[in-house]
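Everything below concerns the one structure shown next.
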Amino acid sequence: IDPKCQYQDGVEKYLVPTDAELDDLFSTGIAMDEIQKYFRRIESKQVIFFIDSCYSGEAGGRTFQNPNYQKRAALTDEFLTDLAGEGRVIVAACDVKEVSLETPDLGHGLFTHHLIEGLKGCADRDSDGLVTINELYEYVYENVSEQARKMGGSMHPIQKGSIRGKIFLTQYETEEQKKTRQLLADAEKLNTQAKEAYQNGNVDVAYGHWRAVLELHPDNEEAKNGIETIEKERREE
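Here the sequence shown is numbered in the working numbering, starting from 18 and rising by one per residue.
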């Protein structure tokens with residue numbers, strides 16, 4: 018309770034880190050109005066803010082047993098709307114009257130778990146190796162709401178604000194790219210073996226290796242040149 022805060026209800030809102038001190042939230046918590054100040058100071062044209070936090074201490078949410086702390090919604094829809102805007106996107110773990118669920122099996126809250134998995138590539142719907150903010154939100158929303166329902170709870174991540182165009186958050190290696198990289202590595206290994214065999218006079222072995230290289234990597238110039246050299250020598254013989 019803080020009559021000097023900016024909120025009409027006289028209650029200051031805080032994000033509460035795991036190491037916050039209950040008797041000194043002013044120094045160890047993060048006042049929500051400070052978040053607005055941070056946003057105003059950031060000169061980037063695009064800012065994306067993910068927040069995995071309960072809105073309320075009710076219905077199983079963690080809270081403080083202290084007469085000065087009220088069990089009420091710490092974040093409001095209006096606050097997020099004011100914080101977001103053009104070039105400012107907020108993605109929160111759940112809706113205003115919901116609780117952000119956690120499970121020891123995942124080692125995170127549901128939101129953070131699926132957020133991380135999505136950024137790793139699970140959210141890439143078109144399999145282009147890039148994860149956009151829209152792909153990530155859709156993936157997180159679907160998986161968090163479904164898993165929360167199976168746990169007997171209710172979580173529906175929300176997104177506020179807008180950004181023009183596509184915003185790519187992460188780039189990862191797709192299965193196809195992994196396969197291609199492995200093929201190129203195999204081709205390079207065979208190419209090295211082919212050159213060594215050729216230098217040692219094992220022309221047939223070298224020729225076989227280079228043929229195998231081209232099957233893996235048709236554009237490999239060293240393999241093409243090696244085969245051409247051997248075939249030329251054979252014609253001359």
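For each residue, glycine too, the CB sits at the ideal point set by N, CA and C. Only a predicted model underlies this, so the values are computations on that prediction, with no experimental measurement involved.
Where residue i falls, given that 16 or more other Cβ within 10 Å makes a residue buried
i, result
"threonine 209", "exposed"
"glycine 77", "Residue placement at glycine 77 is poorly supported in this model, since its pLDDT is 39, which falls under 50; the coordinates are not used for a value here."
"lysine 280", "Nothing about residue 280 can be read from this structure; the chain reaches only from 18 to 254."
"aspartate 122", "exposed"
"glutamine 176", "buried"
"arginine 79", "Note on arginine 79: pLDDT 48, under 50, position unreliable in the model; no value is reported."
"serine 117", "buried"
"glutamate 29", "buried"
"threonine 149", "buried"
"methionine 168", "exposed"
"glutamate 75", "Here the model assigns glutamate 75 a pLDDT of 43, short of 50, so the residue's position is not dependable, and the following value carries that caveat. Glutamate 75 is exposed by the Cβ-count criterion."
"proline 174", "buried"
"lysine 88", "Legend: pLDDT at lysine 88 = 44, less than 50; position of this residue unreliable, value from coordinates given subsequently. It counts as exposed."
"alanine 204", "buried"
"alanine 165", "buried"
Whether residue i touches residue j by CB criterion (8 Å)
i, j, result
"valine 140", "leucine 127", "As written in the sequence, residue 140 is alanine, which differs from the valine given in the question. No. Outside cutoff."
"leucine 32", "serine 70", "yes"
"glutamate 51", "threonine 45", "no"
Beta-carbon separation (whole angstroms), residue i vs residue j, contact threshold 8 Å
i, j, result
"leucine 233", "leucine 200", "5 Å"
"leucine 186", "leucine 136", "6 Å"
"valine 220", "isoleucine 247", "6 Å"
"glycine 146", "glutamine 194", "6 Å"
"glycine 27", "aspartate 19", "7 Å"
"glycine 124", "valine 64", "Contact flag wrong, Cβ pair sits at about 27 Å."
Nearest candidate by alpha-carbon position, reference residue i, set the options
i, options, result
"leucine 100", "Ile59, His130 and Ser117", "Ile59"
"valine 161", "Thr129, Asp143, Arg142 and Ile150", "Thr129"
"lysine 114", "Gly170, Arg57 and Gly146", "Gly170"
"arginine 251", "Glu239, Tyr224, Glu238 and Asp236", "Tyr224"
"histidine 226", "Thr191, Ala240, Glu254 and Ile47", "Ala240"
"alanine 229", "Glu190, Gly218 and Lys206", "Lys206"
Segment contact flag, the stretch 104-119 with the stretch 154-165, C-beta cutoff 8 Å, min 3 pairs: yes
Given 8 Å, three or more beta-carbon pairs between the stretch 208-227 and the stretch 180-196: no
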